[in-house]
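Chemist:
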Amino acid sequence: MLNNPNIFFITHCVIPVLFFGIFGALLIKSGNGPLKNPIIKALTKIGIGPKKRAKFLVEVGRKGIHVVLVVIPVLFEYLHRTEVLSKRQISIFVTFGIILTPTTEICRYFIKPLQKFMNSSSVYRPDEKVFKRPVSGLFFCFGSVLSLIFFPILVSFIAMLHVCLGDLFAALVGYSIGKTKIKGSKTLEGSMGCFVTCFFSAFIFAITASFDIRSAFLISFFSSLFATLAELYSFYEDNIDIPVWSGIGSMVALQLPAVVLPTQSIIAPVKIMKLLFKPLSIL
111 MLNNPNIFFI THCVIPVLFF GIFGALLIKS GNGPLKNPII KALTKIGIGP
161 KKRAKFLVEV GRKGIHVVLV VIPVLFEYLH RTEVLSKRQI SIFVTFGIIL
211 TPTTEICRYF IKPLQKFMNS SSVYRPDEKV FKRPVSGLFF CFGSVLSLIF
261 FPILVSFIAM LHVCLGDLFA ALVGYSIGKT KIKGSKTLEG SMGCFVTCFF
311 SAFIFAITAS FDIRSAFLIS FFSSLFATLA ELYSFYEDNI DIPVWSGIGS
361 MVALQLPAVV LPTQSIIAPV KIMKLLFKPL SIL
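Take a look at the structure:
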């Protein structure tokens, strides 16, 4: 059934893109959107006080962009599986993000109405709003490009998933129920949240990308372990450290005799995707 291009397009592209896009947007607006009251009620039930609830809502709003960014590896996996884009073209596409992000920041700096509008969003950190720190999106693109350069493409996609979701759940779990401090503000509970999220997201992705169950388990375990350690002991910026170390963890797993990268069956793309990305064929 999944060899049917239309069904494959719906299950591997449309549904996950819509889910993560809409859910991420709702999280970004959680401070005053439809998810605010359910989040507050849930936190109150587990004994979280008002101050911690307020901080949690701010963090949910800021980290919601991570959920939206899951769209990127999901979309790229579909485009690569259907041979609409090659690994080289995907790398160029992400590199364009490295160029676009500082360009947007320059516009935000000089165009005051744009600055006011963008700063009203919850996705910016306080130091990013006043230009004391490069925006996280720049580091995400840079980390993604590094993973695409040094690792097989399926490993790169798992690394992108980890930076999108691992850091998110480390922060949310740590903010809500984190009590056992490990390093600075990092908690054991937050790190466990990071590992579990990374593992299951990688496992689901690996299965849909045609890994056998044993290979999917091992590559998910090692990549998640390395991603969690990178989030906990980040050298500079976790949006760079997590995808790089997640990729290294996957490569460690690939050295095991039981783990093999799958030979993916090529699925024909739906016409609309082929037309949309046809201009990139010149790259």
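In terms of this note's numbering, the sequence shown is residues 111 to 393. Where a beta carbon is used, it is the ideal one built from N, C-alpha and C, also for glycine. None of these values were measured; they are calculated from a predicted model.
Excluding five sequence neighbours on each side, which residues of the same chain lie with their C-beta closer than 7 Å to the C-beta of residue 115?
Modeler: Within the sequence shown, residue 115 is the residue found at index 5, counting from 1. Leaving aside the five residues that flank residue 115 on each side, the residues in its chain whose CB is nearer than 7 Å to its CB run, in chain order, 377, 378, 379 and 380.
Chemist: From what residue to what residue does the alpha helix (DSSP H) around residue 239 run?
Modeler: As a position in the sequence shown, residue 239 is number 129, starting the count at 1. Per DSSP, residue 239 belongs to the alpha helix (DSSP H) from 236-239.
Chemist: Mark residue 281 as exposed unless 16 or more other C-beta atoms lie within 10 angstroms of its C-beta, in which case mark it buried.
Modeler: Taking the first residue of the sequence shown as 1, we reach residue 281 at position 171. Residue 281 is buried by the Cβ-count criterion.
Chemist: Secondary structure at residue 296, three-state DSSP: helix, strand or coil?
Modeler: The residue you call residue 296 lines up with position 186 of the sequence shown. Here residue 296 sits in strand by DSSP.
Chemist: Report yes if the CB atom of residue 312 is closer than 7 Å to the CB atom of residue 344, and no otherwise.
Modeler: Numbered from its first residue, the sequence shown carries residue 312 at position 202. Numbered from its first residue, the sequence shown carries residue 344 at position 234. No. Outside cutoff.
Chemist: So, using beta-carbon positions, are residue 171 and residue 138 closer together than 7 Å?
Modeler: Looking up residue 171 in the sequence shown gives position 61. Looking up residue 138 in the sequence shown gives position 28. Yes, these two residues count as a Cβ contact at 7 Å.
Chemist: Grouping DSSP H, G and I as helix and E and B as strand, with all else coil, what is residue 291?
Modeler: As a position in the sequence shown, residue 291 is number 181, starting the count at 1. If DSSP states are grouped into helix, strand and coil, residue 291 belongs with the strands.
Chemist: So, helix, strand or coil for residue 114, using DSSP?
Modeler: In the sequence shown, the residue the question calls residue 114 occupies position 4. Of the three classes helix, strand and coil, the one that applies to residue 114 here is coil, per DSSP.
Chemist: Quick check on residue 237: buried or exposed, where buried means 16 or more other Cβ atoms within 10 Å of its Cβ?
Modeler: Against the sequence shown, residue 237 aligns to sequence position 127. Result: exposed.
Chemist: So with Cβ pairs under 7 Å, would you call residue 235 a contact of chain C?
Modeler: Any reference to chain C falls outside this structure, which holds one protein chain only.
Chemist: If the criterion is Cβ atoms closer than 7 Å, does the pair residue 253 and residue 181 meet it?
Modeler: Residue 253 sits at position 143 when you count from the first residue of the sequence shown. Residue 181 sits at position 71 when you count from the first residue of the sequence shown. No, they are not a contact pair.
Chemist: In or out: residue 341 buried (at least 16 other Cβ within 10 Å) or exposed?
Modeler: Counting from one through the sequence shown, the residue named residue 341 turns up at place 231. Buried: at least 16 other Cβ atoms inside 10 Å.
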